[in-house]
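Positions 0 to 245 (numbering that gives the first Met the number 0) are the ones given, in order, by the sequence shown.
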Amino acid sequence: MSRTALIAAMHEELAALLPAIEDARTEQRGGREFWLGRLGEHEVIAVRSGIGKVAAAVTATLLLDHYQAQRVLFLGVAGGLGPGVKVGDVVVADALLQHDMDASPIFPRHEVPLTGLARFPVDAAFSAAVARGAAAAIAQAGRSTEAAELVGHPSRVHRGLIVSGDRFVSTSAESQALREALPDALAVEMEGAAVAQVCHAFDVPLAVVRSISDRADDTAHIDFGAFLSRVAGPLGLAIVQQALRF
Ligand code: SAH
C-alpha cells in the first residue's frame with residue numbers, strides 16, 4: 000500500500016486532521032513530530048513543517064528519504080494574487096515557482112541555478128484528484144455556517160501557478176509587484192515551491208492545495224488570522240478526506 004505524506008506549515012492547518020488519523024503513533028525527527036497512521040484505507044504520515052522554504056525543504060527531505068513517502072500532499076493557506084482568486088477559494092497548483100529566487104544575470108530570474116527550472120512540476124493525476132476533492136469539500140463546507148459566513152460568497156477551485164518566497168506578502172504594493180513580475184500567479188505562500196524542488200529531486204509525485212486566507216494586501220494580516228483559526232483546519236481535513244477518495 001502506498002504511503003501518502005501530508006504536510007502543512009502551521010499548527011492550525013493540521014489541527015483538524017491529526018485527530019482524524021487512526022492507529023496514530025508519533026516519532027520525533029529533525030525537530031519535527033511525524034504522525035504515522037491511516038485515514039480510511041490509506042497509509043498516511045502527517046507533519047507540521049514550520050514556516051518558510053528551508054523548514055519545508057527539510058521536512059520534505061525527511062519524508063522522502065527517511066520515511067519513504069510515495070507521494071506528497073502539501074496543504075494550507077495562501078494569499079490570493081490572481082484577479083478572481085478570493086478569500087475562501089481554493090487553489091490547486093499546476094506548477095510552483097520561488098518568487099524570491101534571483102541569480103540574474105548569471106541565470107534567468109526565478110530559475111533555480113543548475114536545475115534549469117523556474118517552474119517546478121506537480122503530478123497531474125494526483126493534482127486532478129486533489130482538485131476534485133477540493134470541489135467536493137467546498138460543497139460540504141458550504142453547508143457549514145461558520146465557513147459560509149466568514150467567506151460570504153460561493154467558493155471556487157482554481158488551477159494554476161502558486162509562487163513561494165520567504166516573505167508574508169501583506170501590502171498592496173508587494174502583491175502588485177508580484178502580479179507584474181508573474182502575471183499568471185494565482186496565489187502566494189511560503190513553502191510550496193521548496194517542497195516541489197525536493198519532490199522533483201526525488202522524483203516523487205506532489206500536489207499542493209491552498210485555501211485563500213487573504214488577498215496578500217494591506218488587510219492580509221486581519222483576514223489571515225480569522226480564516227486560519229476558523230476555516231483552514233476543517234477545510235483542510237475535508238479536502239484531504241475527499242482527495243484520497245479519488
Ligand atoms: N504566524 C504569523 C505568520 C504566518 S506566515 C502570523 O500569524 O502572522 C504565513 C503562512 O501562511 C505561511 O505558511 C504561508 O505559506 C501562508 N500564507 C498565507 N497568506 C500569505 C501571504 N499573503 N503571503 C505569504 N504567505 C502566506
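Quick reminder that beta carbons are idealized off the backbone N, C-alpha and C, glycines included.
Sorted by chain position, which residues of the same chain lie with C-beta nearer than 7 angstroms to residue i's C-beta, five sequence neighbours on each side aside?
i	result
L185	L80, G81, V84, V90, H157, G159, L160, I161
A14	G232
A134	V156
F245	A128, R131, G132
H220	S169
Quick one: Cα of residue i to Cα of residue j, how far?
i	j	result
I50	R209	14 angstroms
R31	A94	27 angstroms
G115	E148	45 angstroms
W34	R24	6 angstroms
R251	L96	Nothing in the structure corresponds to residue 251, since the chain is present only between 0 and 245.
A136	I105	44 angstroms
D183	G78	14 angstroms
V129	L243	8 angstroms
Q175	R166	14 angstroms
E42	S103	43 angstroms
P153	I211	13 angstroms
S10	V187	The displayed chain sequence assigns His, not Ser, to residue 10. Using only the alpha carbons, I get a separation of about 19 angstroms.
V46	R178	31 angstroms
G224	E190	18 angstroms
Just to confirm, are residue i and residue j a CB contact at a threshold of 8 angstroms?
i	j	result
D213	F226	yes
D216	R155	no
D99	R108	no
A206	F125	yes
A192	S169	no
I44	A19	no
V197	L113	no
R70	S1	yes
V86	V150	yes
Using a threshold of 7 angstroms, is the CB atom of residue i nearer than that to any non-hydrogen atom of the ligand FMN?
i	result
A206	The ligand FMN is not part of the structure shown, which contains the ligand SAH as its ligands.
Based on Cα-Cα distance, which residue from the options lies nearest to residue i?
i	options	result
Q139	A4, W34, P233, R2	P233
T218	A192, R70, E173	E173
V76	L113, L236, R244, F245	L236
E40	H199, V121, T3, A192	T3
E12	F245, R229, L61	R229
A92	A127, D222, L61	A127
H199	H10, V187, A117	A117
Apart from the five residues just before and just after residue i, which ones in its own chain have a Cβ nearer than 8 angstroms to its Cβ?
i	result
V239	L5, L16, L38, L72, L74, G132
E26	E32, F33, L35
D222	V86, S212, D213, R214
Give every residue of the same chain whose Cβ lies closer than 6 angstroms to the Cβ of residue i, excluding the five residues on either side of it in the sequence, and list them in chain order.
i	result
V53	none
E261	Residue numbering for the chain in the displayed model covers 0 to 245; residue 261 lies beyond these limits and cannot be assessed.
V194	A55, A59, F73
S48	I6, A8, A54, A55, T58
A180	none
P204	R70, D122, F125
Y66	I44
Q241	G132, A135, A136
Start-end ranges of the beta strand (DSSP E) lying completely within the segment 131–204, minimum 3 residues: Taken in chain order, the complete beta strand (DSSP E) segments of 3 or more residues contained in the segment 131–204 are 156–163, 184–188.
Counting only runs of 3+ residues fully inside the segment 12–95, write out the beta strand (DSSP E) ranges in chain order. Counting only runs of 3+ residues, the beta strand (DSSP E) found wholly inside the segment 12–95 occupies 21–28, 31–38, 41–47, 70–79, in chain order.
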